[in-house]
Amino acid sequence: MSHFSSEDEALLQSMLRQLLQSVKEKITGAPSVECAEEILLHLEETDENFHNYEFVKYLRQYISSMLGSVIEEETEKCTSAQNQGEGSGYDTLVQHVTKKTRESKEYREMMHSLKNVMMVVVESLINKFEEDQMRYKEIQRKVKTEQHSSYYTDNCSDSDSSFNQSYTFMNQEQLQLLVERLDPVQPKEVRQEAMQTLCSAPPSDILNCESWANLRKHLATALSDPDSNFSDKVLKFYAKTFSSSPLNMTRELYTSLAKYLEMYFLSEDSYVPTISTGIDISNPDIIRLLKKIRLLNEYQREVPSFWIRHPEKYMEEIMESTLSLLSAKRDSSHPVSLDPVYFLALVDLKAVWFKKWMHAYYSRTVVLRLLEKKYKSLIIASVEQCVSYLETCESVVDTTGRFNSFSTLHNGNKQKNFYTGNELQYIYFVHSLSLLGRLLIYKQGRRLFPIQLKNRKDLMSLTDLVIMFTRLIYCAPNCTKMLTVHSGNYSPAGLITDVLGILSERKECATECLYTNTVIEALLQPIHYLLNGTEVHLNSPETTLIHIADILARIAAADDGLSLLLYGGEKPSAMEGSSLRGAHTIVQFTKKLLDEDISVLSGSEMLPVLKGAFIFVCHQMYSTCEGLEVLLPYHLHGSISEAWKKTSLLSERIPTPVAGADCVSSASQESQSLFFVRQDHLQVPFSMYPHNFSIVLEETLLDDLLNFAATPKGLLLLQNTGTVNECVTFMFNRFTKNLQVCGFEKFGYGAIVSQVAATAAGAVALQSSGFIKALVTELWGVLECGRDDVRVTHPRSTPVDPIDRSCQKSFLALINLLSYPAVYELIGDQVIPNKPEYSLREVPTDIIDIIDRLIIVNTEAKIHSLFNYEQSHIFGLRLLNVLCCDLDTLLLLESQYKVSEVLLDAQRENTIYISETSRDFIIDGLSVERNHILVRINHVGGPTERILPPRILHKGDDPYPWPMFSSYPLPTCYLAEFPRKTDTRQDGDASKLACALKNPDKPLELIEHIKRQFCEIMENKPTVMSGTRISYSFK
């Protein structure tokens, strides 16, 4: 660089500018200059494009040209030294060459030259930057003089602001001057220019300045500035600081913003609308207020992700300032204006901020402590809002007994600019419900109850709160359309059902809140009225009852909830007054629904949905032995079977839908977005079914009938209905879709298959439906074919387990299927094919084929037909091993196929001659497996009566010490020897009787008389028999 020209300087400036431009975001995001230096020092580790920068390439080329010869010379010296045994590896070579290079004269000259050149380049860049800043300020002054009326036009966006392109680092004197220029007494132009400069300064410098306290006051005052553009600049500074500064800095800014908003709502001079006037969000004052609330809420949502890395006091300051703001209320002497929580609910309807704060134990503990000690009024206000909404709903009943929606419906196709008082009350209700629902999940949150409300003498307990929620389900109107357009369903009943559903998923929470007789009676109250024929006022009875069924199904899905429904919280033996139990009420109502014997619901298009919902509640009960015992007297299986037959006949008459035709009436279309049915074990909306609901109900009824097979007695009831074949066919059609089991189900179809296969009729139904064929085909594909849809880029790994992981599912499915009744029906009196030749494309389709191809592999044709002979045959032998554990199955296989002889022949063939007269067994996976099965099927007994050889090999010289055999008898080492205990007990009377009967002196007539007398007593009075009495009568 001795000949450093102006062209070289310009080139280096462009390269350096490119590097700084690429890492600008990283540098500007640094909280301090030291952090920025650290970022640059570790740029190679963090920037994947580091070696592609022109400046880095230039430096690499320059170093190579200056130090290349030195590095090569030192490398040759070290290499020659290593060849002579003096070196110790590559790392030592690199360290030595680096050290020698840095100590060389060339390195010192290069660093000196490079430093001088870079100082010139950096100084030129700084001078150019200062010139650009001066030019920019001159342009800004011209703009201010020419455009007084439109000085700032920023819309509170960070991305397009001119001063966001770089940082201007300032010292304490400059910051102090900046604070003074932001004083409210300063002219407007001075304050605006100071705000512009403030936004271009690093937030870390501002928050750490000595005048931060005064600056915070000036910023709070600037937020109330009537000039919206100027106040938006302040909000932009807040937003920029929130996004780029650590918590120890942003928490002060957040608390200042929360304190400002609190004072704003408490001030008499602030404009805060009332409930009666509503909110016009096109009002400039409301727009500015909502912007501040939205910024506050966005920080509330983001801060939980990183406050755990900071002291707890920082988090507590943020929480306390938030709860203090939400608890702020004006003096009651003034007109009732909207509280801050109304505006927060507008921007965060479902209280997501509270959900995130309550998620982690670290933050949840602090929130609950503050609510309990200082801000319990916030919880009381939420409960009072729910009570007020309930009273409002119950008060708007017209002469027909229906509840009118008091909310003004809004056309969702237009932007909504005005919220009425009723809509604001409903929005606050949704926010309160979400907050209370999240609070009740946790034990410490439930401890905040009972609470004392203003207009209520008694305390409100958890049970009272849940009962109030159930009353809201009965009478709450449908949701306003403005809340359902873009964000889903916000109907009160749907929201409450979701809250109670979340509570039911947690055992401890459900026990305290839901599992009480009072709550169950409140849920069943409208059902009692409908059963008794009493007039009941429900807003949309179908909707209400479906939500009730949803909650009851969730309760019945848990063991404690099921016990509550079946026995009312009492022991099963206390069955007096059983008609009052929830299960009896539910099943009685379900039977009336199936018979369509409820006048209020007759002719309703949603009746099929309602039937499916309540049958599913019963399904949760009769899928257990206890529940089936309670519901047995009602013969629910017969009612469901009859309903299915009627529905199937009705669905056959439904014409094929025509494309473009409207098959669903307008009445049901309105409710399509609210209700769901159990289809494919998922919650599927009815809008996916443009046909008649009867088609869906037919499949639902079949599924409910099928689930009777979950218990042995239920399977017998299912067989009595004569619908086993239809249910099994339906199950197979659903099973082939690999559907996910819904959250309510205790098990999937696999458990039901085991139950169904335990009977002969069930096994035949499984065979005729194609289930067994599909299972065998899938097994063969896994064992022999592999997956066709996967491109083989490398060979499959050789299995090391006897049954590969990919085959375990099929193995367990076969084991669950092949009980003795199923085995007898599937292979009884059937002959093994034993074909002379098997095609490689010939795939087994039933169990007899599995036995032929995988278990009894006794011909060369069968061996050559298997791609993976050893793995597949071991699979078959493992299957045989499990089947033989059932003595009936073992006797069947032995009588029909002589499996023991087949195994002995295979062992005999698996030997080698070690001399002309003796042979030795080949020890491999197959011979070890066969040896184990032969011992198992020939020595029947428990672990104290026989010794089963292991199926693994041991390490050492003798990997398998157990003797193998190919003929009977079995080696005696497999028969366990244990000392037989002598019975020291003496039954004097019985032994005397036996001796007396053996005495030849007794006449035969007397002995015959005693026999007849003994038989008569055993038949008529078996309980009075004893050895003493028998002996006495004989004497």
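In the numbering used here, the protein residues as written are 48 to 1082.
Yeah, the Cβ is synthetic: ideal placement off N, Cα and C, and Gly gets one too.
Check your understanding: Once you ignore the five residues that flank N502 on each side, which residues in its own chain have a CB closer than 7 Å to its CB?
Key -> none
Practice item. Please determine if the segment 305-313 and the segment 248-260 are in contact, where contact requires at least 3 C-beta pairs separated by less than 8 Å. Key: no
**Study point:** Within 8 Å, strictly: CB atoms of I959 and D971
**Key:** no
Practice item. Throw me the rounded Cβ distance for the F777 and L764 pair, which I believe falls under 8 Å. Key: Between L764 and F777 the Cβ distance is about 17 Å, and since that is not below 8 Å, they are no contact.
Check your understanding: Taking C-beta to C-beta, are E121 and T139 nearer than 8 Å?
Key -> no
Exercise for review: Report all residues from its chain with a CB closer than 7 Å to the CB of V35; omit the five preceding and five following residues, and keep chain order.
Suggested key: Look at the range of the chain in this structure, 48 to 1082, and you will see that residue 35 is not part of it.
Check your understanding: What does DSSP give as the partner residues of T958 in its beta bridges?
Key -> F968
Exercise for review: Answer with buried or exposed for N978, where buried requires no fewer than 16 other C-beta atoms within 10 angstroms of its C-beta.
Suggested key: buried
Point to revise | Beta carbon of T18 nearer than 8 Å to that of S688 | key: Residue 18 is absent from the structure shown; the chain starts at 48 and stops at 1082.
Review point. Whose C-beta lies closer than 6 Å to the C-beta of A807 among residues of the same chain, with five residues either side of it excluded?
Key: Excluding five sequence positions before and after A807, the CB atoms of its chain that fall closer than 6 Å to its own CB belong to P868, E872, given in chain order.
Practice item. Give a yes or no on contact between the segment 465-477 and the segment 413-423, applying the rule of three or more CB pairs nearer than 8 Å. Key: no
Check your understanding: On the three-state DSSP scale, how would you describe S734?
Key -> With a pLDDT of 36 at S734, under the threshold of 50, the modelled position of this residue cannot be trusted, and the question is left open.
Point to revise | Buried versus exposed call for P1008 [16 or more other C-beta atoms within 10 Å across all chains shown] | key: exposed
Exercise for review: Look at the Cβ atom of L577, then the Cβ atom of V647, and state whether they are nearer than 8 Å.
Suggested key: yes
Review point. What's the call for L1083, buried or exposed, on a 16-neighbour Cβ count within 10 Å?
Key: Residue 1083 falls outside the range modelled here, since the chain spans only 48 to 1082, and no answer is possible.
**Study point:** Cβ shell of D327 (< 7 Å), same chain only, five flanking positions each side left out
**Key:** I333, N464, F465
Point to revise | Straight-line gap, I514 to S323 (C-alpha atoms, nearest Å) | key: 30 Å
**Study point:** Bridge partners - Y466, DSSP secondary structure assignment
**Key:** I326
**Study point:** Cβ pair P655, V800 closer than 8 Å
**Key:** no
**Study point:** CB contact check: I173 to chain C, cutoff 8 Å
**Key:** In the structure shown, chain C does not exist; there is a single protein chain.
Check your understanding: Based on the DSSP output, what are the partners of R993 in its beta bridges?
Key -> L1022
Check your understanding: Out of curiosity, what's the CA-to-CA distance linking R628 and E1066?
Key -> 42 Å
Practice item. Mind checking which residues open and close the alpha helix (DSSP H) that includes D252? Key: 250-254
Check your understanding: What residue ranges within the segment 566-606 form continuous alpha helix (DSSP H) runs of no fewer than 4 residues, ordered along the chain?
Key -> 588-603
Exercise for review: Leaving out five residues on either side along the sequence, give the residues of the same chain with a beta carbon under 8 Å from the beta carbon of A908.
Suggested key: So the list reads K882, P883, E884, Y885, once near-sequence residues are dropped.
Check your understanding: Do you know how far the Cα of H89 is from the Cα of L63?
Key -> 17 Å
Point to revise | Residue of Q943, A392, C1020, D1005 minimising C-alpha distance to G1109 | key: Only positions 48 to 1082 of the chain appear in the structure, and residue 1109 is not among them; the question remains open.
Check your understanding: With respect to the alpha helix (DSSP H) encompassing V904, which residues constitute its N-terminal and C-terminal limits?
Key -> That residue, V904, is in no alpha helix (DSSP H); it is neither H nor E in DSSP.
Check your understanding: With a CB to CB cut of under 7 Å and the five nearest residues on each side skipped, what residues in its chain are close to L887?
Key -> S912
Check your understanding: When you compare each of G608, A953, E299, F496 to L423 by their alpha carbons, which one comes out closest?
Key -> Note on identity: in this sequence residue 423 is Lys, with Leu being the wrong assignment. Taking only the C-alpha atoms, the option nearest K423 is F496.
Exercise for review: Give the straight-line distance between the Cα atoms of V430 and E236, rounded to the nearest whole angstrom.
Suggested key: 49 Å
**Study point:** C-alpha distance - V949 paired with E1052, whole-angstrom precision
**Key:** 57 Å
Check your understanding: The alpha helix (DSSP H) spanning P524 covers which residue range?
Key -> Careful: P524 lies outside any alpha helix (DSSP H) and carries neither H nor E.
Check your understanding: Which value, in whole angstroms, describes the spacing of the CA atoms of L1022 and D933?
Key -> 20 Å
**Study point:** Collapsed DSSP secondary structure at M113 in the structure displayed
**Key:** helix
Review point. Using a Cβ-Cβ cut-off of 7 Å (strictly less than) and excluding sequence neighbours within five positions of S695, which residues of its own chain qualify?
Key: Excluding residues within five positions, the ones whose Cβ falls inside 7 Å are E745.
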